[in-house]
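Protein chains in written order, with this note's numbering: chain A, 558 to 752; chain B, 558 to 752.
No residue lacks a Cβ here, since even glycine has one placed at the ideal position from N, Cα and C.
Accompanying notes for the structure given below.
Number of protein chains: 2
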Amino acid sequence: MENSPSTLIQSKQKIVVLRWGHRIHRDSRLTTHCALTARALCASGFILSDIEDKSIEKTVKGITGHWGGDFTFEMGTSWRTVVRDWRAQGGIVVHLTAYGENLQTSNAINRIRETGKNILLLVGSQKVPGEFYSPEVSDFNIGVGNQPHSECSALAIFLDRFFEGKELEVDFEQAKMKIIPQEHGKNIQVNQEKP
Amino acid sequence: MENSPSTLIQSKQKIVVLRWGHRIHRDSRLTTHCALTARALCASGFILSDIEDKSIEKTVKGITGHWGGDFTFEMGTSWRTVVRDWRAQGGIVVHLTAYGENLQTSNAINRIRETGKNILLLVGSQKVPGEFYSPEVSDFNIGVGNQPHSECSALAIFLDRFFEGKELEVDFEQAKMKIIPQEHGKNIQVNQEKP
Chain A
558 MENSPSTLIQ SKQKIVVLRW GHRIHRDSRL TTHCALTARA LCASGFILSD
608 IEDKSIEKTV KGITGHWGGD FTFEMGTSWR TVVRDWRAQG GIVVHLTAYG
658 ENLQTSNAIN RIRETGKNIL LLVGSQKVPG EFYSPEVSDF NIGVGNQPHS
708 ECSALAIFLD RFFEGKELEV DFEQAKMKII PQEHGKNIQV NQEKP
Chain B
558 MENSPSTLIQ SKQKIVVLRW GHRIHRDSRL TTHCALTARA LCASGFILSD
608 IEDKSIEKTV KGITGHWGGD FTFEMGTSWR TVVRDWRAQG GIVVHLTAYG
658 ENLQTSNAIN RIRETGKNIL LLVGSQKVPG EFYSPEVSDF NIGVGNQPHS
708 ECSALAIFLD RFFEGKELEV DFEQAKMKII PQEHGKNIQV NQEKP
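Here it is in structure tokens:
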């Protein structure tokens, strides 16, 4: 497929998003939006750590089923276990936080690329454990700006810059539905042959 | 100030975000994150249309009070009135929607810049009125990708691209608090002289 991730996205580094600090009900929509952002912007998967939330799992798997791709969704494992296993397999951890190195003014994104390693992208909420900022957990702490705003926005901009914008033009494989971009109005193509 | 918006951001086009379709409680965190994203990424203001939500107003004004800038927050006016008045004052309307022209593959952002006009950036939710897609309301319909994800993420990437990343290094004026970016750990500077 011409616009598949493998032809468009140059990076061989896989990115999986770990969402910490989700609260059922209160964070339902925000965490769902983080997961859908991760999927739409070509992360490989999403891990909801330390808690299970079946409604989010259902939404994310439903979207992937309709709109394609092979995005993975996991939940319930403790963040410590996820981080330990990720590092044991040779990956690095990048924590998105307003306190970190500024994505725009530092060279952090190049240093992350130069590692060549798969990336566990840690997105928290207001009060993350202090350990998240330490080198024992996070190889990089990155501020998508140094103002308080949103883990969802920070995630989106990080992925857009890491994949150099190419992630926005990917055709997802096995899609049952596909939008045909329009200047005005809506146009959805439904592929009835897909299972 | 060296890193003020006026020296860093080249655009003379002002952007105000209009959030449509907010539901009290259910969308509380998501709409707050949209507003904080708008502020942190150098939009000039945020309008919560058709509804009032004092808790969001309080959060957004509180953040602006502590972290600086002159971001405006309004609520309760109907979207039709806001759009009509915006157009009457010579501004254009840009609607962020997965159905629109692809931000990456089209030249839409250049055409928006070339208008030279102030931008009302319309962000909706799942079911926006059909009129939003029409030229009578939206001069441009822009898809930050053509996959379903998040109005918060779409807003963030649009602003990051429109302001060419410079918005992430702006120093906000009148800030009582300022983060000093760190590779590890946290460092907040508190300016006790500010009122």
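Checklist entry - With a cut-off of 9 Å, does the C-beta of Met558(A) fall near any C-beta of chain B? => result The residue given as residue 558(A) occupies position 1 in the first sequence. Bear in mind that a pLDDT of 49 at Met558(A), under 50, signals an unreliable position, so the model cannot answer this.
Checklist entry - Can a CB atom of chain A be found closer than 9 Å to the CB of Ser710(B)? => result As a working mapping, residue 710(B) is identified with position 153 in the second sequence. With a threshold of 9 Å between beta carbons, Ser710(B) makes contact with chain A.
Next on the checklist: Just to make sure I have the definition right: I need the residues of chain B whose C-beta is within less than 7 Å of the C-beta of Ala600(A). Which are they?
Outcome noted: As a first step, residue 600(A) is located in the first sequence; it is residue number 43 there, counting from the start. Those within 7 Å of Ala600(A) in chain B number zero; the least Cβ separation is about 11 Å.
Item to check | chain A within 9 Å of Lys624(B), Cβ atoms only | outcome: Looking up residue 624(B) in the second sequence gives position 67. Per the sequence presented here, residue 624(B) reads as Trp, with Lys not at that position. Interface residue, yes.
Checklist entry - Just checking, does the region 696-714 of chain A make contact with the region 701-717 of chain B on the three C-beta pairs under 8 Å criterion? => result Three or more pairs of CB atoms, one per stretch, sit closer than 8 Å, so the region 696-714 of chain A contacts the region 701-717 of chain B.
Checklist entry - When DSSP labels each residue in this structure, what does Ala665(A) get in the three-state scheme? => result Taking the first residue of the first sequence as 1, we reach residue 665(A) at position 108. Secondary structure of Ala665(A) (DSSP, three-state): helix.
Checklist entry - On the three-state DSSP scale, how would you describe Val573(B)? => result Your numbering for residue 573(B) matches position 16 in the second sequence. Residue state, collapsed to three classes: strand.
Checklist entry - Do you know how far the Cα of Gln661(A) is from the Cα of Gly619(B)? => result The sequence position of residue 619(B) within the second sequence is 62, counting from 1. The sequence position of residue 661(A) within the first sequence is 104, counting from 1. Inter-residue distance for Gly619(B) and Gln661(A) is about 26 Å (C-alpha atoms, whole angstroms).
Next on the checklist: Does the contact criterion of 3 or more C-beta pairs under 8 Å hold for the region 665-676 of chain B versus the region 569-578 of chain B?
Outcome noted: The region 665-676 of chain B vs the region 569-578 of chain B: in contact.
Checklist entry - What do you reckon, are the CB atoms on Asp607(A) and Val650(A) nearer than 9 Å? => result Position 50 of the first sequence, counted from the start, is the residue given in the question as residue 607(A). Position 93 of the first sequence, counted from the start, is the residue given in the question as residue 650(A). By the CB criterion at 9 Å, Asp607(A) and Val650(A) fall outside the cutoff.
Checklist entry - By Cβ distance below 8 Å, which residues in the same chain neighbour Leu725(B) in space, the five residues on each side in sequence not counted? => result On the second sequence, residue 725(B) is found 168 positions in, with the first residue counted as 1. Same-chain partners within the cutoff: Leu598, Asp717.
Item to check | Three-state secondary structure assigned by DSSP to Thr638(A) | outcome: Position 81 of the first sequence holds residue 638(A). If DSSP states are grouped into helix, strand and coil, Thr638(A) belongs with the helices.
Next on the checklist: Tell me which residue opens and which closes the alpha helix (DSSP H) that Ala597(A) is part of.
Outcome noted: Locating residue 597(A) in the first sequence gives position 40, counting from the first residue. Bounds of the alpha helix (DSSP H) holding Ala597(A) are 585-597.
Checklist entry - Would you call Arg586(B) buried or exposed, if buried means 16 or more other Cβ atoms sit within 10 Å of its Cβ? => result Residue mapping note: residue 586(B) aligns to position 29 of the second sequence, counting from 1. Arg586(B) comes out buried.
Next on the checklist: Classify Gly648(B): buried if its beta carbon has 16 or more other beta carbons within 10 angstroms, exposed otherwise.
Outcome noted: As a position in the second sequence, residue 648(B) is number 91, starting the count at 1. Buried, because 16 or more other Cβ atoms sit within 10 Å of the Cβ of Gly648(B).
Next on the checklist: Tell me the rounded alpha-carbon separation between Met558(A) and Gln749(B).
Outcome noted: As a first step, residue 558(A) is located in the first sequence; it is residue number 1 there, counting from the start. As a first step, residue 749(B) is located in the second sequence; it is residue number 192 there, counting from the start. Any reading at Met558(A) needs caution, since the residue's pLDDT is 49, under 50, leaving its predicted position unreliable; the model's value is listed next. Roughly 58 Å between the two C-alpha positions.
Checklist entry - How about His741(A): is its C-beta nearer than 9 Å to some C-beta of chain B? => result The residue given as residue 741(A) occupies position 184 in the first sequence. By this cut-off, His741(A) is an interface position.
Checklist entry - Per DSSP, which one or two residues make a beta bridge with Gly602(A)? => result In the first sequence, counting from the first residue as 1, residue 602(A) sits at position 45. As computed with DSSP, Gly602(A) is found in a beta bridge with Val573(A), Thr629(A).
Item to check | Contact list for the region 651-685 of chain A against chain B, Cβ threshold 9 Å | outcome: Taking 9 Å as the Cβ-Cβ cut-off, the region 651-685 of chain A approaches chain B at Thr654, Ala655, Tyr656, Gly657, Glu658, Asn659, Leu660, Gln661, Thr662, Ser663, Ala665, given in chain order.
Next on the checklist: Quick check: is the beta carbon of Lys569(A) nearer than 9 Å to any beta carbon in chain B?
Outcome noted: Start at 1 with the first residue of the first sequence, and residue 569(A) comes out as number 12. So no, Lys569(A) is outside the interface.
Item to check | Tyr690(A) and Gln746(B) closer than 9 Å at C-beta | outcome: Start at 1 with the first residue of the first sequence, and residue 690(A) comes out as number 133. Start at 1 with the first residue of the second sequence, and residue 746(B) comes out as number 189. Judged by beta-carbon spacing, Gln746(B) lies beyond the 9 Å limit of Tyr690(A), meaning their Cβ atoms are not closer than that value.
Checklist entry - When DSSP labels each residue in this structure, what does Met558(A) get in the three-state scheme? => result Numbered from 1 along the first sequence, position 1 holds the residue referred to as residue 558(A). For Met558(A), the pLDDT reaches just 49, beneath the cut-off of 50, and the residue's location in the model is therefore unreliable, leaving the point undetermined.
Item to check | Cα-Cα separation between Ile604(B) and Asn659(A), rounded to whole angstroms | outcome: Mapped onto the second sequence, residue 604(B) falls at position 47. Mapped onto the first sequence, residue 659(A) falls at position 102. If you draw a straight line from the Cα of Ile604(B) to the Cα of Asn659(A), it is about 28 Å long.
Checklist entry - Hey, out of Ala592(B), Ser682(B), Gly626(B), Pro686(B), whose CA is closest to Ile613(B)'s CA? => result Taking the second sequence and counting its residues from 1, the one referred to as residue 613(B) is at position 56. Nearest option by C-alpha distance: Ala592(B).
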